[in-house]
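S.K.: Just passing along the structure, written as structure tokens.
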Amino acid sequence: MLTKLQAENFRPEENAETIESLRHCTTCGMCTSTCPTYLLSNDEHDSPRGRNKIMRQILESGQAPTEKQVYYLERCLSCFSCTTTCPSGVGYKNLMDWVRHRIDQQYQRPWQERLQREAVLKMIPSPSLFSAGLKAARLIKPVKGILPQTLRPMLDLVPDSPTKLTAGIRYQVFAAAGTRKYRVSMLAGCAQQVLSPSINDATIRLLNRHHCEVVIAHKSECCGALYDHLGKEEKARAQARLNVAAWYKEMEQGGLDAIIINASGCGTTVKDYGHILRNDQNWREKAAKVAAIAKDITEFLAEVDLKVQPVPPLRVAYHSACSMQHGQQVTREPKELLAKAGFTVLNVPEGYLCCGSAGTYNIFQAETANKLKKRKVRRIREIDPDVVAGGNIGCIVQLLEALEIPMVHTVELLDWATGGPRPEVLSTLGSINRE
């Protein structure tokens, strides 16, 4: 049975799709069984069903969200485990996008929160600013105790060990090895190419080795997910237009077989460009065409004849990022590719649950994020892997420090297994023989 809403209270400018999504919630409660925050708190307000009720209250009242409503809404990780579970097909992602924009427009935050959010929005999408910020953060981290509490979670995420920080990949074309069979464009991303440039390097080598010409499209930048997460709807759309323009130009000039995404959080967003720009007459058709050829790197490689070479029979725990398994419904390809490469693939217990990274969640909701991180780490340790693989930089940063087990991007293992260098973090494993 569809939920009834008091239509006479709707303001004319409210989104009809939001109303339709809320109506489809039958309040059955199946979503509560897989919601990370509900499993931690056992609080109805902390569940998707509870948040749907809060959104309905905001929609019907036409009033600005209250502090209590914002508290519960912002505890949502946007992991979309509920979307996978929901039998009624509630469009929870679109609901959260709507309410975050509503909060951003109507809710007055304390100045410390506003400052923190503006700093994140300014730095992370810009590889050069983010790189400089990380260098400064390493100097400040030892004395973080003197800083305001709101700033400390950001410093906690800064790696203790030095990493090679870069200002990012500019427009380039990486030639295919031998005869070119495919032409693809890779999203270089923002945070990933600064935090772990080896991921993009491995992706390019792997694709080139399998006869792919790889293009970093001119002016393709941050996917816009960060703006979306923080309710900056217009900035998210503007970023989507920039990328659509860059990739559509490549599609017209040289043709593209795929747009390759190697960060699943970005992939979920790029695949949603058609929806994000659906009401823009000048861009919706181009956006839909771009979204249609966007693929996670493992989706693309599953269609290619992977040329594997012998590697040590490592036990690999595959961590399926929420944006991969729930956001994109990509679950089979990464594990099948790792198995084909010669690794023993292990499923992590409670693999459907979020690790707590969730974009910027581990910055703004650090306490809950840390609880989920500890829970995920315990489950990974239970299966005693040699290495953990994942397809999202956010998860890797979130888990790596607490794991005490090497964690790499899936593509780094596949690159190694097809003739590339051994991932640097695996150098301490030595010779593995589990036969």
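Heads up, the sequence shown is in UniProt numbering, so the first residue is 1 and it goes up one at a time. For each residue, glycine too, the CB sits at the ideal point set by N, CA and C. Note that the coordinates shown come from a computational prediction; the quantities given were computed from them, not determined experimentally.
1) For residue 382, which residues in the same chain have their Cβ closer than 8 Å to its Cβ, ignoring the five residues on either side in sequence?
2) Enumerate in chain order the residues of its own chain whose CB-to-CB distance from residue 101 is below 7 Å, with the five nearest sequence positions on each side excluded.
3) Please classify residue 339: is it buried, with 16 or more other beta-carbons within 10 angstroms of its beta-carbon, or exposed?
4) Please identify the residue among 264, 385, 131 and 354 whose C-alpha is closest to the C-alpha of residue 376.
5) Residue 308 to residue 28, Cα distance in whole Å?
6) Going by C-alpha to C-alpha distance, which of 317, 320 and 313 sits closest to residue 342?
7) Looking only at its chain, what residues have a beta carbon closer than 7 Å to the beta carbon of residue 178, apart from the 5 residues adjacent to it on each side?
8) Excluding the 5 residues flanking residue 249 on each side, which residues of the same chain have their C-beta closer than 8 Å to its C-beta?
9) Can you name, in chain order, every residue of its own chain whose Cβ lies under 7 Å from the Cβ of residue 450, other than the five neighbours on each side?
10) On the DSSP bridge assignment, give the partners of residue 344 in chain order.
11) Buried or exposed: which applies to residue 173, given that a residue is buried once 16 or more other Cβ atoms fall within 10 Å of its Cβ?
12) Please return the same chain residues whose Cβ sits closer than 8 Å to the Cβ of residue 247, not counting the five positions on each side in sequence.
13) So, does the CB of residue 90 fall closer than 8 Å to a CB anywhere in chain D?
14) Go to residue 287, then tell me how far its alpha helix (DSSP H) extends in each direction, as first and last residue.
15) Would you call residue 416 buried or exposed, if buried means 16 or more other Cβ atoms sit within 10 Å of its Cβ?
16) Jot down the residue ranges of each uninterrupted alpha helix (DSSP H) in the segment 194–253, minimum 4 residues, whole runs only, in chain order.
17) How big is the Cα-Cα spacing for residue 226 and residue 243?
18) Whole angstroms are fine: how far does the CA of residue 362 sit from the CA of residue 427?
19) Just confirm the distance between the C-beta atoms of residue 413 and residue 304, as a whole number of angstroms; I'd bet it's less than 8 Å.
20) Give the DSSP-derived three-state secondary structure of residue 80 in the structure shown.
21) Of the residues 222, 33, 40 and 197, which one's Cα is nearest the Cα of residue 368?
22) Per DSSP, what kind of secondary structure is residue 396 in: helix, strand or coil?
23) Hey, quick one: how far does the beta strand (DSSP E) through residue 387 stretch, first residue to last?
24) Going by CA-CA distance only, name the one from 331, 56, 120 and 252 that's closest to residue 286.
25) Mind checking residue 434: buried by the 16 CB within 10 Å criterion, or exposed?
26) Using a Cβ-Cβ cut-off of 8 Å (strictly less than) and excluding sequence neighbours within five positions of residue 384, which residues of its own chain qualify?
27) Since residue 206 and residue 394 should fall inside the 8 Å C-beta cutoff, what is the C-beta to C-beta distance between them, to a whole number of angstroms?
28) Exposed or buried, residue 139, counting other C-beta atoms within 10 Å across all chains shown (16 or more means buried)?
29) Taking 8 Å as the threshold (C-beta atoms), are residue 261 and residue 411 in contact?
30) Short of 8 Å in beta carbon distance, which residues of its chain neighbour residue 402, apart from the five on each side in sequence? Order them along the chain.
31) Cα-Cα, which of 92, 191, 187 and 288 is closest to residue 203?
32) Starting from residue 409, trace the beta strand (DSSP E) both ways and give me its first and last residue.
M.R.: Walking through what the data contain:
1) Here the set comprises 349.
2) 231 and 233
3) exposed
4) 354
5) 47 Å
6) Out of 317, 320 and 313, 313 has the C-alpha closest to the C-alpha of residue 342.
7) 211
8) 217 and 218
9) Residue numbering for the chain in the displayed model covers 1 to 435; residue 450 lies beyond these limits and cannot be assessed.
10) Residue 344 is bridged to 315.
11) exposed
12) Take residue 247, set aside five residues on each side of it, and the residues of its chain with a beta-carbon closer than 8 Å to its own are 185, 217, 220, 256, 259 and 290, in chain order.
13) Reference to chain D is not applicable here, since this structure consists of a single protein chain.
14) 284–292
15) Residue 416 is buried by the Cβ-count criterion.
16) 197–209, 225–229 and 233–253
17) 15 Å
18) Rounded to the nearest angstrom, the gap between the Cα atoms of residue 427 and residue 362 is 29 Å.
19) Actually they are not in contact, since the Cβ atoms of residue 413 and residue 304 sit about 16 Å apart, beyond 8 Å.
20) Note: residue 80 maps to coil in three-state DSSP.
21) 40
22) helix
23) 387–390
24) 252
25) Caution is warranted here: a pLDDT of 40 is assigned to residue 434, below 50, making its placement in the model unreliable, and no coordinate value can be reported.
26) 315
27) About 21 Å; that fails the 8 Å criterion.
28) exposed
29) no
30) The residues are 373, 374 and 377.
31) 187
32) 407–409
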